[in-house]
Structure formats: C-alpha cells, structure tokens
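Letter by letter, the sequence shown follows residues 1 to 687 in full-length UniProt numbering. All C-beta atoms, glycine included, are put in the ideal place defined by N, C-alpha and C. A quick note: this is a predicted structure, and the numbers were derived from the prediction, not measured.
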Amino acid sequence: IAATQPSTNWHLKENAREHHTSKFSSEELIVRRGQTFTITLNGTERPEQNLIFFAETGPKPSKATRTLATFDISSSVSKEGWSAVQQSSSSNSVSISISSPQNAVIGRYRLSVQSGSSSPASLGTFVLLFNPWSSGDDVFMPNKAECEEYVLEEFGIIFAGNKNHISSFGWNFGQFQGDILNICLSIMDRSLYYRQDPVTDVSHRHDPRYLGRVLSAMVNGNDDQGVVLGNWSGKYEGGKNPSSWTGSGEILQSWKKSGFKPVKYGQCWVFAAVLTTVLRCLGIPTRTITNFSSAHDADGNLRVDEFYDADGNHLERGSDSVWNFHVWNESWFTRNDLGPSYSGWQVLDATPQEQSGGIYQCGPASRHAVKEGDVELDYDVPFVFAEVNADCMYWNYDSATGKKTLIFSKSTEIGDSISTKAVGRDDRVDVTSDYKYEEGSAKERDVFKKARKKLGLGDKFDPTAPKLEEIEQTPDISGKFKVAGSLEVGKDLNLLLVLENLKSDAKTVKVNMTAWSTLYTRRRINEIWKDSISVTLAPKEEKQFPIKIKYPEYQQQLTTDKAIQVTALCHVEDGIQVLVQRNIALDNPDIDIQVLGEAKVNKEVVVEVTFTNPINAEVKDCVLQVEGSDLLQGILELRIPPLKASEKSSTKFKLIPSEAGPKHLLVNFSCDRFADIKTFKMVNVIN
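Pasting the structure below:
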C-alpha cells in the first residue's frame, strides 16, 4: 500500500441486510459472527499484493486469548478462524469478503491492514454480535419466526397481577434505538469480572453462558454500580416509582448520563425487561417470563414458611416470602458444559434476591434441569426450582411465648400460570409444563423428592411426612373468599367469606379478619380494614358473609401495585385454626388510544388518547407519557388539566413514524388518584 491511507467502504446497507442488523441506526458496521461481510479498500496500489489483516478487541489483544486475529487473503472461507477472500479488484480498489469464526469473541473490533513491508494502516472499527441465524453458533435458533421475536422485536408484553387475575402491560425494549448498543458494550466493560481481570473477561465473551451470568449481575445496582437500583419499600422518593417506566431506553440512557450510577428504582419486571434489551441487542434470543405465586426460598430448604398472629395478621418473620408474581428471563443457547438435553431455554434472573458466588447474579439455570430436579447442575438451579416448586407452610406464631403451631401446609400453591408473550402475536402463552410436571402428580412429587435428596434435605422436615408434633389434624371447617363484583380502583370492593362446617355436629367459630394493602411481593404496607365475627355453623352447613370495603377506605392506603391481601383466621372452639386468605389485584380504569388516519413513513399522523375520570371527585396532576420505537424519538410528556368527577379528557399529539411495519405505541397516564394507567396500541406503518 502506498503512503496514502486507504479509505474503506464498509457497505453498511448490504452487510446489515445480510446480517439482520438493519434496525441499528449506526454509521459503524455491525455484523454477526460466523458469517461473511464485504468491504472495499480504495486507494490501494497493486491491491492483490499479500494484504495481511488484523482484527483485535479488548485492552490487550493476543492470539492466546483469541482477541487478536491476523489473516491474509486466501482462496476460501476458513471454518476455524478468521479469513479474507478477494471478491474483485480494479486498478486502485479491492473488495474483500471477511468472515469470523462461529465462536468468536463478541464486541467492538479494530480492523487494520498491512501490505508488504509498510506498517499496518487502520481501517476503522466494527461491532461483532452473536448470530442466532447461523447453525454453528451457540445461540442458533432454527425457527426464523422465533429469531424475529426474541432478537429483532422491540416491543414486549409483561404479565402481572396474580394467579386469579392475570393482567399485562406493554414494554418498549428499544434495543436498536440510538446509543443503546454502545451502552450495552459499556455495561460489559463495567462489570466486576472485567474490573478484576479485563483480559480474561474479554476472552470469555464468546460464551453466552458467561455473558448471561455477568449481565444478570450488571443489570442490578448491587455490588457493581450496575444499571438499576431495586426498591421494595413502597416509598420511592429520590427516584421514579418502578411501575412508572414504559421502556428500557430511558433507563439505560439515564445510567450513562449520570456517569454510570444505578438508576432509581426498579422491581423485578424492570430488571427482566432491561436484561431482555441488553441480550437481544447483543444477539442472544431472550424473553421475559412471569411466574405467579413465586417463592423466594431464602434458606434453601425448598420450603416457604409464612407466619400469622391470632388476629390473622401476616407477620414479617423469617426471610422466606411468596410474591404474587415474579418476572425473570429465559435466553436460548447450548449448554456444552451439561450436555445436549440441557440446551435450549436457560433461566437468568437479574433481580437481586440472593447472592450466588458472592454477588447478586442468578443463572443460567437450564429449564430442563429445573423440570427434572437436577439441582446440582450449574447455575443456581435450586433457587429457580424453589421459585416454581417450594412447599408452603403456614404457621400461627404467638409472640408472647414464641410458640409456633402449624396451621396447614400446601404443596400445590407455588409456581402457577407461568407466562410469556406469544411469538408474533400480542397473546399470553402458558409455559408451566416446561418448568414442572403436573402439580400433584406422582412424577411431580418424585422430582421434588429427588431434588430434596440431592440438596441433602432428605432427613429434614418433609411436608409430605411431618414429625409427630407437627401432624396436621383435619380441620372442622373450610373457608374461602369469593369476589363479588368488579375489581377496579375507584370502585368499592365486594367480597364474600364462605365458611362450611365439614362435621356432623354444630361448630362455634370466632373469625378475625384483616385487609392490608401490599406490594406485589405481598409485603404489607397499610392496614385498610379489620373486623371480627362469631358464627355458629349447623352440621354440614355453609354460610356466606358479605364484606364491603369502600373506595374511600382503601384509596389512601393502596400502593401503586394495587394489591390487597384479605385474611380470615378462624378459631374453631375445641378445634384447630383455619386460615382463609385471598390476594386481590385491582385493575386501573381504562384509557383509550385512537390513531386518526393512516400512519406513513416520515408523514405526520395524529393520535388521540381519551380517559374518563371514573370517581366522584376531581383528579389533578395528570401527566401522559408516550413512547414507541420507530414512532417517536425518546419520550413525549404531556400535562393534562384537572378532570372533574366523570369528566372525559381527550389529548391529541402528532407522530412521525420513521420505519414501516407493525409498531407499538405505549401510553402511561398518572394523576393524584391513579398511578400508571398503561395501555398500548399496534400501529401499522406503511411506506
């Protein structure tokens, strides 16, 4: 090469199309590993004269750590390493097809070329990602529709509420927007692993297992100044309420802007959604999973203990808990360390619950290992197994004497309606049977016993074989709460307590009832209501007792999770206590989006959002937040005047879509009486 610096044509458009990276808006070449890309070098004299290329990544590139590759022009693509094949040449330019190995380290590379005896000339940088479209890649996903959903789709649906009442909301993952790729690359360079040993860390970045685990630690702010700080107190001063976010972009941008200080605040779905964005951005197929009645087994005995006082109040004793729902991730890759049957979906959980290897990280746990009770396999299978399988023990605790009495145990309570978004549709898919055998079946109990044995819990308290002093007497009565009427914020809550005498003699029962507002983790925040009644039940009689909790009674006490726990502890004369419990998730009132006219690329289109105040009082401090990848840049925030009782508001704004195809618009409406009313609308943008 002459003294002049060669200029490089990176063929951004053509390469991006071939590599499924067209959605990135970047002036830099972004390609996937194990696949060829073409560049043209201009200003080269006698171009075919033994060119040698150097591709290097990380702080100290070396061949030993596979972070430096040197390769010259060859006649065919190498299966093993990097290679370059000449496509065509003219008097002063040459087109070269470069390919990387299928297990190359991912990240930003520097590319340079050397000709003859002159020193290497820099050609610039490019970014190399995982390649789920390539059959030799650890993340290869044979189903193309699944690749589209789990790598390229920027919109997701997250399921919440509780197992009796599943709700959902949209989320803008936005993995291809603006600077997100650069932020994802800097997340890797800020991990504890990188800080301790950058050379080794970068050399492991070919492995989705390694990166999945590292990123599950980095998405939470514990240990490492990661992306999001968790807060489950019900008080969110100094930050944003976790339920107010509508997408990952704002969170990742804030983290970068603040000089990489954890963003306040997140709860489980926020951690899971941000991890989805990061992993999809890097090319690892990923989805969010919601587990209803999810156990947090802090002491690792596959059992969750819950304590109640004589009045039926749920006590904060011990560190075990059951959450109304918990959201984690599944990522798709092979497990060469475990064998082919454990490949496929792997559980990763970025919510900081328990430490693993001394830091808050969780996974990858093979979903197949969870289902089969193979709790000895890497990583964190016992914790995930407990989340979907733990047995529940309910105790009465007397604080005066310290005595605890078992009320009852249940082995079918935990891990219900495990849910994820359908491929290519905005529907819910139930994946419970991928996590466990049918609840209560012999196979399911066998797997549970196998897991206990492998964890060395064989001789300890087994709920299916209690010790003498803990044997449950059979209760004399049974009870349940039924919902009568709608479950909506702003309306009165109507319930029925149904009690049935199971015996053939009359029973006298004293019932202590409480209702508390809770977080979605069932942590009690405010007492809403309490009452006690004495009832006599004739032999085999069933009686119903109506309960009404008026909106003004609960309005001030409700958390933004809109969850209420109602408990009735029944003291049967000369019999054992019976605990009746129901977790209630309230819905927000509806909000409506209409797109007025056709949505076309680069043309203005008007959107109207309408909301009717459903309560008998004025609502104020009304704010509307709107976002949507390829529909508008960043987040639009609109202030809305106060609304009188039953008044309807209509807000119009303009969008200029930037890309054709099915896009999703997300809306979040808040005011002093209602927090974070969310909805989304699919907008089909045409050219």
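Helix, strand or coil for residue i per DSSP?
i           : result
K371        : helix
Y520        : coil
T277        : helix
G249        : helix
K550        : coil
E527        : strand
R445        : helix
L377        : coil
T200        : helix
R209        : helix
residue 689 : Beyond the ends of the chain as shown, which are 1 and 687, falls residue 689; an answer cannot be given.
E14         : helix
I656        : coil
W82         : coil
C362        : coil
S670        : strand
E387        : helix
F260        : coil
L579        : strand
K467        : Confidence is the limiting factor: at K467 the pLDDT is only 49, short of 50, which leaves the residue's position unreliable and the question unanswerable from this model.
E437        : In the sequence on display, residue 437 carries Tyr and not Glu. Here Y437 sits in coil by DSSP.
L181        : helix
Using a Cβ-Cβ cut-off of 6 angstroms (strictly less than) and excluding sequence neighbours within five positions of residue i, which residues of its own chain qualify?
i    : result
H204 : Y210
D416 : K163, F292 and S293
E637 : Q625
M513 : D531 and A568
T351 : C268 and F271
K60  : V199
P208 : D138, V139, I284 and F333
N668 : T246, Q625, D676 and K678
G597 : V605
V214 : S191 and Y193
Quick one: what's got a C-beta closer than 8 angstroms to residue i's C-beta in the same chain, skipping five residues either side?
i   : result
S75 : V85
Would you kindly work out how many angstroms separate the C-alpha atoms of residue i and residue j, rounded to a whole number?
i    : j    : result
V511 : H314 : 15 angstroms
E527 : D201 : 50 angstroms
N92  : P6   : 10 angstroms
T70  : P132 : 26 angstroms
L348 : L279 : 11 angstroms
E542 : L499 : 6 angstroms
E438 : K507 : 36 angstroms
W323 : A295 : 6 angstroms
L487 : I564 : 11 angstroms
S180 : Y379 : A small correction: the amino acid at residue 180 is Ile; Ser does not occupy that position in the sequence shown. Rounded to whole angstroms, I180 to Y379 spans 28 angstroms at the Cα level.
L468 : F408 : With a pLDDT of 41 at L468, under the threshold of 50, the modelled position of that residue is not reliable, and the figure given next carries that caveat. Taking the straight line joining both Cα atoms gives about 14 angstroms.
Q355 : E146 : 32 angstroms
E376 : V609 : 52 angstroms
S258 : Y397 : 47 angstroms
R367 : Q346 : 5 angstroms
K421 : T536 : 48 angstroms
T464 : E659 : Its pLDDT being 46, under 50, T464 is placed unreliably in this model, and the coordinates cannot settle the point.
K23  : F176 : 6 angstroms
Q87  : I39  : 10 angstroms
I471 : W529 : Note that I471 scores 49 on pLDDT, short of 50, meaning its location in the model is unreliable and no value can be drawn from it.
A645 : R673 : 12 angstroms
I1   : R110 : Any answer about I1 is weak, because its pLDDT of 41 lies below 50 and its placement is not dependable; what the coordinates show is given next. The straight-line gap from Cα to Cα measures roughly 19 angstroms.
Do residue j and residue i come within 8 angstroms of each other at the CB atom, strictly closer than that value?
i    : j    : result
L302 : A386 : yes
A217 : I106 : no
L29  : V113 : no
L128 : T8   : no
Y194 : T286 : no
S517 : K540 : no
I525 : T559 : yes
L666 : N172 : yes
K450 : G575 : no
The ligand GDP and residue i: does the residue's C-beta get closer than 7 angstroms to at least one heavy atom of that ligand?
i    : result
G156 : By its list of ligands, the structure shown contains no ligand whatsoever, and the ligand GDP lies outside what it can speak to.
Closer than 7 angstroms by C-beta to residue i: which residues in its own chain qualify, once you throw out the five before and the five after it? Chain order, please.
i    : result
G34  : S100, P101, Q102, N131, S134, G136 and D137
A104 : R33, L128 and H206
V77  : T36, S83, V85 and S99
R108 : T57, T125, V127 and L185
I533 : V511 and F545
Could you give the uninterrupted runs of the beta strand (DSSP E) lying entirely in the stretch 392 to 433, keeping only those of 3 residues or more? If we require 3 residues or more, the beta strand (DSSP E) runs fully inside the stretch 392 to 433 come out as 403 to 410, 416 to 421 and 428 to 430.
Along the chain, which unbroken stretches of the beta strand (DSSP E) at least 3 residues long are found entirely within the stretch 602 to 650? Whole beta strand (DSSP E) segments, 3+ residues: 605 to 612, 622 to 627 and 636 to 640.
Let me know the alpha helix (DSSP H) ranges lying completely inside the stretch 96 to 161, each 4 residues or longer, listed in chain order. Listed in chain order, the alpha helix (DSSP H) elements of length 4 or more contained wholly in the stretch 96 to 161 are 144 to 147.
Where are the beta strand (DSSP E) runs, 3 residues long or more, that stay fully inside the stretch 312 to 360, in chain order? Secondary structure within the stretch 312 to 360: the beta strand (DSSP E) runs of 3 or more consecutive residues, fully enclosed, are 321 to 333 and 344 to 348 (chain order).
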